[in-house]
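Trainee:
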């Protein structure tokens with residue numbers, strides 16, 4: 054039994070163009086919406102226990118809608134969303150114990166209270182035993198480095214600090230699944246790094262199944278081995294991150310610092326020089342035509358290499374190539 | 010029930026979070042008081058010059074008013090936030106109540122309790138007791154029990170209207186619209202003795218939005234008036250069953266509204 | 475301030491209101507219900523013996539009540555204007571504008587007031603006339619009323635302006651506004667006319683400015699003034715002059731305060 058299962062999920066929304074208020078509400082009863090927008094178009098996937106899956110797509114593609122369907126906030130127009138075998142739309146309270154949700158732009162903490170109070174309240178809401186709660190709380194405090202923050206009122210936290218607390222709050226009841234919707238939005242590089250590291254730890258050490266929807270492809274790159282790409286409500290790719298890069302990012306780049314011996318630099322066989330800055334040279338080559346070793350060896354024959362790295366394709370480019378594919 | 014403990018703790022935390030806004034609390038109470046003084050003063054001026062209104066003296070009317078206010082305070086304490094639900098829906102802030110393993114109505118009712126409403130509870134109680142004293146009401150155990158039931162029923166009915174306006178706001182997506190339309194006019198009618206109004210109004214206050222059961226009918230028994238406007242005398246004791254039925258209906262409406270939210274989002 | 479600029483403000487206020495077209499019907503419905511409450515209450519009161527002592531019949535009272543609704547819809551003001559602007563810091567920008575802020579606010583108030591009277595007050599008067607047997611005033615009375623209402627509006631504006639300016643000192647005006655509103659609720663005579671009040675109270679209230687914003691215009695509306703129309707208007711003007719002066723003083727003081735405090 055898959056931990057999270059979406060089976061032929063469809064979600065249609067009535068196209069709303071009316072103003073708020075009584076009169077338009079009454080009017081809409083008489084003249085019901087005839088236009089529907091399909092936000093989720095027959096999406097199916099299964100996520101097994103312990104997987105960390107990235108969910109990528111442009112704005113309005115249906116990422117948030119999918120997550121809302123999986124958590125039971127929205128009910129599908131047709132199809133099923135199941136968590137641990139239970140239907141999200143029917144078994145909301147049961148499912149609540151198994152899932153943790155983090156929304157990037159909304160808080161689930163109590164604004165005026167110290168973080169520790171929010172945690173205590175969650176213990177009561179989820180009916181956790183004191184010992185289990187303490188253990189999990191202390192563990193999360195350590196993983197997310199919350200020690201100094203516990204006594205601070207939530208509204209005084211910086212965004213990065215708050216997101217770490219949100220993450221902890223979502224996991225206090227030891228759910229087996231964690232959904233994240235844009236968790237690193239608005240964070241600086243350092244804060245993002247901390248969150249990613251913590252998530253990786255939680256996934257690897259504790260086996261928390263993670264589904265992360267994010268614009269920031271580095272989030273996905275660092276954390277997930279599997280990626281689902283959604284565009285206009287349809288799942289256009291579901292597979293490993295490596296395969297994505299291989300299929301859609303067939304080129305790699307060799308970055309080499311070459312000793313300047315006065316001669317012009319020529320690209321090794323099978324590669325082309327795309328950029329030069331001082332002694333640093335960028336050579337692009339196709340992975341199915343040459344291995345990195347071959348290119349390096351070829352280059353070393355004609356030049357003295359001081360230093361080198363091999364860069365994988367930029368995931369942004371890879372993903373945008375997927376969107377461009379005719380479907 | 011494990012959940013009861015959860016609600017208790019949520020309520021405790023809510024008090025803690027509000028401590029900072031203590032000054033606002035007193036200002037709110039002051040505003041409430043000041044708002045009602047005008048109304049009461051006007052009623053006094055009217056009855057002072059003209060005499061009883063539909064057979065009710067000023068003190069009796071003030072008793073009606075105090076009773077209504079008190080049960081309003083009790084209901085508003087836990088349910089006023091439902092009248093503003095649309096705002097929460099739009100920002101997505103209500104979602105958290107749907108993601109936790111608690112009943113979304115009870116949870117929202119407890120966590121967002123409105124401390125300023127307590128001002129109305131005490132104000133209404135003070136008016137009620139003072140008028141009772143002026144009217145030489147004797148407080149027998151039956152009467153006290155009756156008052157308790159009257160307040161419970163009254164606040165259930167008013168809470169039900171708040172739930173109903175929340176239910177409607179799932180469709181109108183506007184805070185306070187339905188509330189302003191349903192509640193305030195009806196309430197205005199029920200501040201005064203119902204006998205002053207035309208039959209259709211009396212019927213609406215009895216059978217549609219049953220505010221008559223909040224203060225008018227129970228007052229018949231307490232004040233010994235028995236002017237039942239053509240209804241049978243036992244109607245003075247019917248507040249609680251009416252309240253329970255009405256509340257259930259409005260709760261059901263809220264459930265339908267919630268289902269609509271699950272289907273169409275915002 | 476040039477008249478065209480003034481008119482612009484009136485227009486802006488009116489246009490802002492147009493967005494709420496659909497709610498007007500519901501709002502009129504609601505106000506009509508409140509009118510019904512008042513009428514029923516007065517009718518019940520008039521069942522008592524000796525009701526006609528002051529020679530004011532129920533019909534007159536009905537007209538009075540409808541007029542009060544109309545007047546109330548016109549007397550409008552936003553007391554939190556300055557508080558909001560101070561909190562956001564916009565006040566600095568406002569004070570730098572090349573026109574007098576209070577006049578701009580007055581112009582906006584006129585626009586809003588006219589709009590609310592036209593879409594809220596007037597329809598209710600008509601509903602009263604067609605559906606609830608509320609007599610309309612005689613045309614001459616209506617004209618006196620309009621003049622008086624205009625004066626009342628300016629007087630009301632001065633009051634609310636001063637109250638909203640307290641925000642410059644206390645950063646809090648809601649309490650004062652609530653108090654003012656509550657006092658006005660009975661001291662203006664809008665609900666219970668001064669004829670029906672106990673002598674002592676009536677004497678006190680006649681000496682206060684509040685009646686100028688309720689009882690006086692409504693006396694004219696119901697034709698109870700006899701020939702004293704001009705006298706009543708004069709009374710309003712005599713209150714208006716010192717009030718305007720006072721408001722101007724408070725405004726100067728508020729401006730000085732901003733300069734000193736630095737916003």
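Residue numbers (the working numbering), protein chains in the order written: chain A, 54 to 380; chain B, 10 to 275; chain C, 475 to 737. Cβ coordinates follow ideal geometry from the N, Cα and C atoms, glycine included. It should be emphasised that the depicted structure is a prediction, and the values quoted were computed from it without experimental measurement.
Whose C-beta lies closer than 7 Å to the C-beta of residue 222 of chain A among residues of the same chain, with five residues either side of it excluded?
Mentor: 161, 162, 171, 172, 175
Trainee: According to the neighbour-count rule (16 or more other Cβ atoms, all chains shown, within 10 Å of its Cβ), is residue 215 of chain A buried or exposed?
Mentor: buried
Trainee: Going by beta carbon distance, what residues of the same chain come within less than 7 Å of residue 576 of chain C, once the five residues before and after it are set aside?
Mentor: 635, 725
Trainee: Could you tell me whether any Cβ in chain C is nearer than 9 Å to the Cβ of residue 68 of chain B?
Mentor: The beta-carbon of residue 68 of chain B is placed no less than 9 Å from the nearest beta-carbon of chain C.
Trainee: How about residue 671 of chain C and residue 626 of chain C: do their beta carbons lie closer than 9 Å?
Mentor: no
Trainee: Rounded to whole angstroms, what's the CA-CA distance from residue 156 of chain B to residue 236 of chain B? Just pull it up for me.
Mentor: 19 Å
Trainee: Please identify, using Cβ separations under 7 Å, the residues of the stretch 492-517 of chain C that lie next to chain B, in order along the chain.
Mentor: 500, 504, 507, 508, 511, 514, 515
Trainee: Going along the chain, which residues of its own chain have a beta-carbon closer than 8 Å to the beta-carbon of residue 629 of chain C, five neighbours each way excluded?
Mentor: 683, 686, 687, 710, 713, 714, 717
Trainee: Please state whether DSSP places residue 280 of chain A in a helix, a strand or coil.
Mentor: Strand, per DSSP.
Trainee: Return no unless some Cβ of chain C is closer than 9 Å to the Cβ of residue 253 of chain B.
Mentor: Closer than 9 Å: no.
Trainee: For the alpha helix (DSSP H) that residue 544 of chain C lies in, which residues bound it at each end?
Mentor: Going by DSSP, residue 544 of chain C is part of the alpha helix (DSSP H) stretching over 532-548.
Trainee: For residue 256 of chain B, I'd like the list of residues in its chain whose CB is within less than 6 Å of its CB, leaving aside the five on either flank, ordered along the chain.
Mentor: Cβ within range, chain order: 165, 169.
Trainee: With 9 Å as the threshold, decide whether the Cβ of residue 95 of chain B is near any Cβ in chain C.
Mentor: no
Trainee: By how many angstroms is the C-alpha of residue 592 of chain C removed from the C-alpha of residue 738 of chain C?
Mentor: As shown, chain C starts at 475 and ends at 737. That puts residue 738 of chain C outside it, with no answer to give.
Trainee: Kindly confirm or deny that the stretch 300-320 of chain A and the stretch 120-128 of chain A touch, where touching means at least three C-beta pairs closer than 8 Å.
Mentor: no
Trainee: Using 8 Å as the cut-off, can you tell me whether the stretch 125-132 of chain B makes contact with the stretch 73-92 of chain B, which would need three or more C-beta pairs spanning the two stretches below that distance?
Mentor: yes
Trainee: Got a sec: which bits of the stretch 631-663 of chain C sit with their beta carbon under 7 Å from any beta carbon on chain B, in order along the chain?
Mentor: 648, 649, 652, 653, 656, 659, 660
Trainee: So what does DSSP say about residue 633 of chain C, is it helix, strand or coil?
Mentor: helix
Trainee: Could one say the Cβ of residue 541 of chain C lies closer than 9 Å to chain B's Cβ atoms, at least one of them?
Mentor: For residue 541 of chain C, no Cβ of chain B is located within less than 9 Å of the residue's own Cβ.
Trainee: Show which residues of chain B have a CB atom less than 9 Å away from the CB atom of residue 180 of chain A.
Mentor: 11, 12, 14, 15, 110
Trainee: I'd like to know whether the C-beta of residue 553 of chain C is nearer than 9 Å to at least one C-beta of chain B.
Mentor: no
Trainee: Quick one: what's got a C-beta closer than 7 Å to residue 483 of chain C's C-beta in the same chain, skipping five residues either side?
Mentor: 578, 581, 582, 585
Trainee: Across which residues does DSSP place residue 264 of chain A in a beta bridge pair?
Mentor: A:106, A:232
Trainee: By the 10 Å Cβ neighbour count, where 16 or more other Cβ atoms means buried, how is residue 35 of chain B classified, buried or exposed?
Mentor: exposed
Trainee: Which of helix, strand or coil does DSSP assign to residue 215 of chain A?
Mentor: helix
Trainee: Sorted by chain position, which residues of the same chain lie with C-beta nearer than 7 Å to residue 187 of chain A's C-beta, five sequence neighbours on each side aside?
Mentor: none
Trainee: Based on Cα-Cα distance, which residue from A:55, A:57, A:59, A:64 lies nearest to residue 285 of chain A?
Mentor: The shortest Cα separation from residue 285 of chain A among A:55, A:57, A:59, A:64 belongs to A:64.
Trainee: Closer than 8 Å by beta-carbon distance: list the chain B residues that pair up with residue 522 of chain C, in chain order.
Mentor: 59, 60, 61
Trainee: Measure the Cβ-Cβ separation of residue 105 of chain A and residue 278 of chain A and say whether it is below 9 Å.
Mentor: Closer than 9 Å, so yes.
Trainee: Mapping the DSSP letters down to three states, classify residue 338 of chain A as helix, strand or coil.
Mentor: strand
Trainee: Is residue 702 of chain C a contact residue of the ligand HEM, with contact defined as CB to any heavy atom under 8 Å?
Mentor: As presented, the structure is devoid of all ligands, the ligand HEM included, so that no description of it is given.
Trainee: Between residue 202 of chain B and residue 52 of chain B, how many whole angstroms is the CB-CB distance? I'm expecting something under 8 Å.
Mentor: No, residue 202 of chain B and residue 52 of chain B are not in contact; Cβ-Cβ is about 11 Å, not under 8 Å.
Trainee: Between the alpha carbons of residue 66 of chain A and residue 89 of chain A, how many angstroms are there, rounded?
Mentor: Distance from the CA atom of residue 66 of chain A to the CA atom of residue 89 of chain A, rounded to whole angstroms, is 5 Å.
Trainee: Who are the near neighbours of residue 356 of chain A in its chain, counting only those whose CB is closer than 6 Å to its CB and skipping five residues on each side?
Mentor: 311
Trainee: Leaving out five residues before and five after residue 245 of chain A in sequence, what residues of the same chain have Cβ atoms less than 6 Å from its Cβ?
Mentor: 237
Trainee: Starting from residue 59 of chain A, follow its DSSP beta bridges and name the residues at the other end.
Mentor: A:98, A:134
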